[in-house]
Amino acid sequence: MENSHILFVSLNRVMMKYQARKKLLLISGSLLIGSVSGHAIATVVAHQNSDKPTINAQQKTPTKWGIFNVECGLSHTLPDDPMMAFGLPGESMVHDFYGNKETDAFTTVGDLHATPETTCTSRADSSAYWSPQMLNTSTGEIIKPSMMKTYYRNTDIRYPVVPFPAGLQLMIGEHESTRSKPGVSYLCHINKNGGTYYNDPPASCPLYDGENTLFSLSFSFPNCWDGKNIKPPHHGPRNAVHDINGVCPSDYPVKIPQLQMNIGYHLPKNTDISALKLSMNPEMVKGQAIPKWGSLYTAHADFFNGWKEDAIEYVVDNCLNQERKCDKNIPFTAFPTSADSYVRGGDYATSRFGDADSMLIKKGKGQSPEQQKVAYLKFNVPDKSVVEDLPYKDIYIHFYGANVASKEQHMLYFYETSNDWDEYGITQENAPSCSGKWVARSWMGWSGNAMYRNSESIANVVKAAWEKGQSEISFCVNTDDKNIETRLGSQEGSKPAFLYFESKQDMTSPGWNEDKQ
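Read left to right, the sequence shown gives residues -42 to -1, 1 to 475 (mature numbering (1 follows the signal peptide of the UniProt record, and there is no 0)).
Dropping the structure here:
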């Protein structure tokens, strides 16, 4: 009952927001644009093949992407499937499970959050991922996956995505297939930077490291949800399809993040790829499961959403719907500045910059007063009860910044300061003091691009605020003696700094310690 309630509330919340906030505009008779909880939704209204995935190479204009990723080791292997054989342990094909460490035939969305331990690189991701076990029929050896890497992406930010509803289940591929199919491809790695994708399984792959082959099954999941069904049906149309050039069909109007899942297998030299088989549903004889194996055309993969709500909302808003490559920078939760501004000396000592779309900082040592620029950041301190149960790694200031002109590397310094300032009233003449011992630093390495970076830990500042009962903390930011002018993002420029509760951890692979089946 509790799990049903979780699913109902999540689904109802998503669709109520969708219905309440969509304001549709007809464009050229074929495109409708609306929003869900502040996230735009694009819908195609017409004769589209909803089963056909996007092929960006056919688009006339380049699209801007948002993307992040997690890497997950093999957790365990079981003949279970909580999606298609729920409550039937041992009656499914044998699956390799990644991510959530407790996934089995009885797993519900409530279980994913109640037992959130994961093999993935983000502790905020307690999702379950799984794929069929692989067998090398030439040797009789079970091939365990080296790792699984999933990219979450929006390949056209003109059409934003919305967060997954809690417990959403998605599938890609067909376990009875005998031919190539959309969304499933086969990758031969050439080196760590890339390789060649094939629609059909190749006969062999080149050596990856001089001794072994690295072969991957690659899955591009559907990213347009029907807004109704939290899991795929056993028969008939699925609950999600692929977009068409970034836009969702009218029967599947909710655009969600697309998973690009790559499952890598290190194979011995000269491995015959055609000898590789994948587990299929067993033949049940007098209650005994008789294993069956299929060709690589039976490749498929499953996803059961267990992301922490704050985390997936953060990456949707700040990565996938922006032109940002967030890599593995995913917080448990993050709080944007409640106020930000900068002050400047000399003739600008009484000027106010609270409505500026960016902030400038420069120590200006030995230079004219006009060159002295200091940024101020204020954050609301979350109630300790909100975050104390989160196994966050640390707390940082996550900020957007770049050098204005110089290509030289340098250091930024963060100082704790008084909360007695207002972003629209602060000037150099009335600003709180910015001096004493810094509480954190951040190295401004030259990349040529503005980007989000982390400060050193400010956990002690936040914990001290909790002990004192403070509801706010403030920082001022300055450069080092190199006097390199630096530009920081602001709320007004849609690039605020965040009080950032880190979720990153090392990938683990406990499944490699299991006895081979």
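From the three backbone atoms N, C-alpha and C, an ideal C-beta is built for every residue, glycine too.
Note that the coordinates shown come from a computational prediction; the quantities given were computed from them, not determined experimentally.
Indicate the three-state DSSP secondary structure (helix, strand or coil) for residue i in the structure shown.
{"i": "threonine 437", "result": "strand"}
{"i": "proline 289", "result": "strand"}
{"i": "glycine 68", "result": "helix"}
{"i": "serine 33", "result": "strand"}
{"i": "leucine 457", "result": "strand"}
{"i": "glutamate 241", "result": "strand"}
{"i": "glutamine 330", "result": "coil"}
{"i": "valine 142", "result": "strand"}
{"i": "lysine 321", "result": "coil"}
{"i": "valine 345", "result": "helix"}
{"i": "asparagine 157", "result": "coil"}
{"i": "asparagine 151", "result": "coil"}
{"i": "cysteine 277", "result": "helix"}
{"i": "aspartate 83", "result": "strand"}
{"i": "tyrosine 354", "result": "strand"}
{"i": "isoleucine 13", "result": "Confidence at isoleucine 13 is low in this model, with a pLDDT of 33, below 50, so the placement of that residue is unreliable and no value is reported for it."}
{"i": "glycine -14", "result": "Here the model assigns glycine -14 a pLDDT of 27, short of 50, so the residue's position is not dependable, and the following value carries that caveat. Correct three-state label for glycine -14: coil."}
{"i": "cysteine 163", "result": "coil"}
Looking at the unbroken beta strand (DSSP E) that takes in residue i, where does it start and where does it end?
{"i": "aspartate 298", "result": "297 to 302"}
{"i": "tyrosine 56", "result": "53 to 57"}
{"i": "lysine 250", "result": "246 to 252"}
{"i": "aspartate 38", "result": "Where aspartate 38 is concerned, there is no enclosing beta strand (DSSP E), given that its DSSP letter is neither H nor E."}
{"i": "isoleucine 115", "result": "Counting along the chain, isoleucine 115 falls outside any beta strand (DSSP E), and DSSP gives it neither H nor E."}
{"i": "phenylalanine 262", "result": "258 to 262"}
{"i": "asparagine 471", "result": "Looking at the DSSP string, asparagine 471 is not in any beta strand (DSSP E), and its letter there is neither H nor E."}
{"i": "leucine 128", "result": "127 to 131"}
{"i": "glycine 447", "result": "444 to 447"}
In chain order, what residues of the same chain have a beta carbon less than 6 Å from the beta carbon of residue i, not counting five sequence neighbours either side?
{"i": "serine 89", "result": "Asp54, Ile221 and Ala259"}
{"i": "glycine 196", "result": "Before going on, a small fix: residue 196 reads as arginine here, not glycine. Result list for arginine 196: Pro190, in chain order."}
{"i": "glutamate 414", "result": "Ala398 and Arg399"}
{"i": "isoleucine 13", "result": "Bear in mind that the predicted position of isoleucine 13 carries a pLDDT of just 33, short of 50, making it unreliable; the figure below should be weighed with that in mind. Correct list: empty, nothing qualifies."}
{"i": "leucine 457", "result": "Phe293 and Phe337"}
{"i": "alanine 15", "result": "For alanine 15, the pLDDT reaches just 36, beneath the cut-off of 50, and the residue's location in the model is therefore unreliable, although a value from the coordinates is still provided. Answer for alanine 15: no residue qualifies."}
{"i": "threonine 291", "result": "Asp268 and Phe459"}
{"i": "alanine 389", "result": "Val301"}
{"i": "lysine 365", "result": "Trp404"}
{"i": "serine 176", "result": "Ser143, Leu145 and Asn220"}
{"i": "threonine 136", "result": "Tyr255"}
{"i": "leucine 70", "result": "Asn58, Ser84 and Gly264"}
{"i": "leucine 335", "result": "Thr295, Asp298, Phe433 and Ala455"}
{"i": "serine 50", "result": "Pro37, Asp38, Asp39 and Ala43"}
To which residues of the same chain is residue i closer than 8 Å at the C-beta, ignoring the five residues directly before and after it?
{"i": "proline 47", "result": "Leu36, Pro37, Asp38, Asp62, Ala63 and Phe64"}
{"i": "glutamate 134", "result": "Met238, Gly252 and Thr256"}
{"i": "aspartate 230", "result": "Ser96, Ala161 and Ser162"}
{"i": "proline 164", "result": "Cys146, Ile148 and Thr171"}
{"i": "serine 8", "result": "Reliability fails at serine 8, whose pLDDT of 32 lies under 50, so the model's placement of it is uncertain and no value is given."}
In chain order, what residues of the same chain have a beta carbon less than 7 Å from the beta carbon of residue i, not counting five sequence neighbours either side?
{"i": "glutamine 280", "result": "Gly24 and Ile115"}
{"i": "aspartate 315", "result": "Ser448, Glu450 and Gly451"}
{"i": "tyrosine 350", "result": "Phe290, Phe459, Glu460 and Ser461"}
{"i": "leucine 254", "result": "Tyr144, Pro159, Leu234 and Leu236"}
{"i": "lysine 453", "result": "Tyr358 and Gly447"}
{"i": "histidine 356", "result": "Ala292, Tyr410, Asn412, Ala455, Phe456 and Tyr458"}
{"i": "serine 104", "result": "Gly222, Tyr223 and His224"}
Terminal residues of the continuous alpha helix (DSSP H) containing residue i?
{"i": "isoleucine 270", "result": "267 to 273"}
{"i": "lysine 102", "result": "No alpha helix (DSSP H) holds lysine 102; DSSP gives it neither H nor E."}
{"i": "serine 89", "result": "Premise fails: serine 89 lies in the beta strand (DSSP E), 86 to 90, not in any alpha helix (DSSP H)."}
{"i": "lysine 462", "result": "Note, lysine 462: premise wrong, no alpha helix (DSSP H); not H, not E."}
I want to check one thing, is the minimum distance from the CB of residue i to the heavy atoms of the ligand NAP below 7 Å?
{"i": "asparagine 187", "result": "Looking for the ligand NAP in the displayed structure turns up nothing, as the structure carries no ligands at all."}
Please check if any C-beta of chain C sits within less than 8 Å of the C-beta of residue i.
{"i": "threonine 77", "result": "Although the question refers to chain C, the structure presented lacks it and comprises just one protein chain."}
Are the stretch 285 to 304 and the stretch 324 to 337 in contact at 8 Å, needing three or more beta carbon pairs? yes
Inside the stretch 167 to 233 only - beta strand (DSSP E) runs reaching at least 3 residues: 170 to 178 and 216 to 226
Only counting runs of 4 or more residues, tell me where the alpha helix (DSSP H) segments fall wholly within the stretch 366 to 429, in order along the chain. Here the runs fully enclosed are 417 to 426.
Tell me whether the stretch 124 to 135 and the stretch 256 to 273 touch, counting them as touching only if at least three CB pairs, one residue from each stretch, are closer than 8 Å. yes
Could you tell me whether the stretch 200 to 216 touches the stretch 169 to 183, where touching means 3 or more Cβ pairs closer than 8 Å? yes
Should the stretch 306 to 315 be called in touch with the stretch 381 to 392, which here means at least 3 C-beta pairs below 8 Å? yes
Count the C-beta pairs between the stretch 463 to 474 and the stretch 425 to 433 that are closer than 8 Å, then say yes if the count reaches three, no if not. Contact between the stretch 463 to 474 and the stretch 425 to 433 is absent: fewer than 3 CB-CB pairs across the two stretches fall below 8 Å.
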